[in-house]
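Going by our numbering, the final residue of the sequence shown carries number 232, and the count climbs one at a time with no gaps. Even for Gly, the Cβ is constructed at its ideal location relative to N, Cα and C. Keep in mind it's a predicted model, so treat the numbers as computed, not measured. Quick notes on the structure that follows.
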Amino acid sequence: MPLPLLSQLAHVELTTPKPQESLEFWTQIVGLEETASEGQSVYLRAWGDRFHHTLQLTEGPQVGLGHVGWRAAGPDELETAVERLSAAGAGEAWVESSVGHGRTFRYRAPGGHLHEVFWEVERYSPPPGMESPFPNRPQRYVPRGIAARCIDHVTITAANPRGDAEWYRDTLGHRFMEYTVIPDRPDFPVFCMTTVCERSHDLGIVWDPTPVAGRINHFAYFVDSREELLRAADVFLNQDVAV
-10 MPLPLLSQLA HVELTTPKPQ ESLEFWTQIV GLEETASEGQ SVYLRAWGDR
40 FHHTLQLTEG PQVGLGHVGW RAAGPDELET AVERLSAAGA GEAWVESSVG
90 HGRTFRYRAP GGHLHEVFWE VERYSPPPGM ESPFPNRPQR YVPRGIAARC
140 IDHVTITAAN PRGDAEWYRD TLGHRFMEYT VIPDRPDFPV FCMTTVCERS
190 HDLGIVWDPT PVAGRINHFA YFVDSREELL RAADVFLNQD VAV
């Protein structure tokens, strides 16, 4: 079994041509907290996220995926990941300075998606009055909108989901959890799931028959219960968000 090199999905960068409307959606409807802004980007997190941010919202010409950020399992694991990525021809460059975390190594996976991996990370520190009375929570619970609790997973697209899943497994130690096939193509998985932590998956890979590389299918936050999920659907419907 490949040595696990990553500890968790840390953040996702999404691009949007409507930055103000997108910011209002994520803060007022999904219930995220804004932690910083720099240049064309705003950095957000859910109330239960312990890192500086889990979503980077960046102004761009179209809706899409900027990059996916992963935290390494340790400083040695980061160096090993860089060696493996470079040997696989996927390494792009070190980035010395980033908002919310230390130096990071950027790489491009087979499906054309840009990722980065780092070790040093800034943990969220609540402002006065927002400290949690519970030591296992990073801030006081003040629900707004859906009040999503924490980052959960990202699902990307690929021409060959199984091939991509095996690449993540063999190169970085993702665990290949399961896959889905359709009746007329039992030998070709159309959806694969991998994980680097205790979740059933933090990376989904779904088949894309188009020639466009580097696309995203969806990005998900976690809520605590079935009842909160149903409430989230009501919040969306009342805000005219299609579900």
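For phenylalanine 165, collect the residues of the same chain with a Cβ closer than 6 Å to its Cβ; drop the 5 residues on either side in sequence, then sort them by chain order. Your numbering for residue 165 matches position 176 in the sequence shown. Excluding positions up to five away in sequence, the list reads Ala154, Arg158, Thr183.
Can you tell me where the alpha helix (DSSP H) with threonine 160 in it begins and where it stops? In the sequence shown, counting from the first residue as 1, residue 160 sits at position 171. Per DSSP, the continuous alpha helix (DSSP H) segment holding threonine 160 begins and ends at 150 to 161.
Would you call the stretch 106 to 119 and the stretch 36 to 54 in contact, with 3 or more CB pairs under 8 Å? Segments in contact, yes.
Endpoints, the alpha helix (DSSP H) within which arginine 73 is located: Looking up residue 73 in the sequence shown gives position 84. The continuous alpha helix (DSSP H) containing arginine 73 extends over residues 64 to 76.
Take every Cβ of the stretch 144 to 153, pair it with every Cβ of the stretch 198 to 207, and state whether three or more of those distances are shorter than 8 Å. With the cut-off at 8 Å, the stretch 144 to 153 and the stretch 198 to 207 touch.
According to DSSP, what are the bridge partners of phenylalanine 208? Working through the sequence shown from its first residue, we reach residue 208 at position 219. Residue pairing by DSSP places phenylalanine 208 opposite Val143 in a beta bridge.
In three-state DSSP terms, what is alanine -1? Within the sequence shown, numbered from 1, the residue matching residue -1 stands at position 10. Three-state DSSP puts alanine -1 in a strand.
Residues bridged to threonine 235 (per DSSP): Examination of residue 235 is not possible in this model, given that the chain is present from -10 through 232 alone.
Boundaries (first-last residue) of the alpha helix (DSSP H) holding phenylalanine 225: Working through the sequence shown from its first residue, we reach residue 225 at position 236. In the DSSP assignment, phenylalanine 225 falls within the alpha helix (DSSP H) that extends over 215 to 227.
Cβ-Cβ distance between alanine 61 and leucine 67 below 9 Å: In the sequence shown, residue 61 corresponds to position 72, counting from 1. In the sequence shown, residue 67 corresponds to position 78, counting from 1. Yes. Within cutoff.
How is the beta strand (DSSP E) around cysteine 181 delimited, first residue to last? The residue you call residue 181 lines up with position 192 of the sequence shown. Element bounds for cysteine 181: 180 to 184.
Which runs of the beta strand (DSSP E) spanning at least 3 residues fall entirely within the stretch 76 to 136, listed in chain order? Positions of the beta strand (DSSP E) runs, each at least 3 residues long and wholly inside the stretch 76 to 136, are given as 80 to 84, 93 to 97, 103 to 107 in order along the chain.
Assign threonine 93 to one of two classes, buried (16 or more other C-beta atoms within 10 Å of its C-beta) or exposed (fewer than that). Counting from 1 along the sequence shown, the entry for residue 93 is found at position 104. Threonine 93 counts as buried, since no fewer than 16 other beta carbons sit within 10 angstroms of its beta carbon.
Which one or two residues does DSSP pair with threonine 169 in a beta bridge? Translated into the one-based positions of the sequence shown, residue 169 becomes position 180. Paired residue(s): Phe180.
Are there three or more Cβ pairs, one per stretch, closer than 8 Å when the stretch 45 to 54 is compared with the stretch 116 to 131? With the cut-off at 8 Å, the stretch 45 to 54 and the stretch 116 to 131 do not touch.
Taking buried to mean at least 16 other C-beta atoms within 10 Å of its own C-beta, is valine -5 buried or exposed? Working through the sequence shown from its first residue, we reach residue -5 at position 6. Strictly speaking, residue -5 in this sequence is leucine, with valine absent from that position. By the 10 Å Cβ count, leucine -5 comes out buried.
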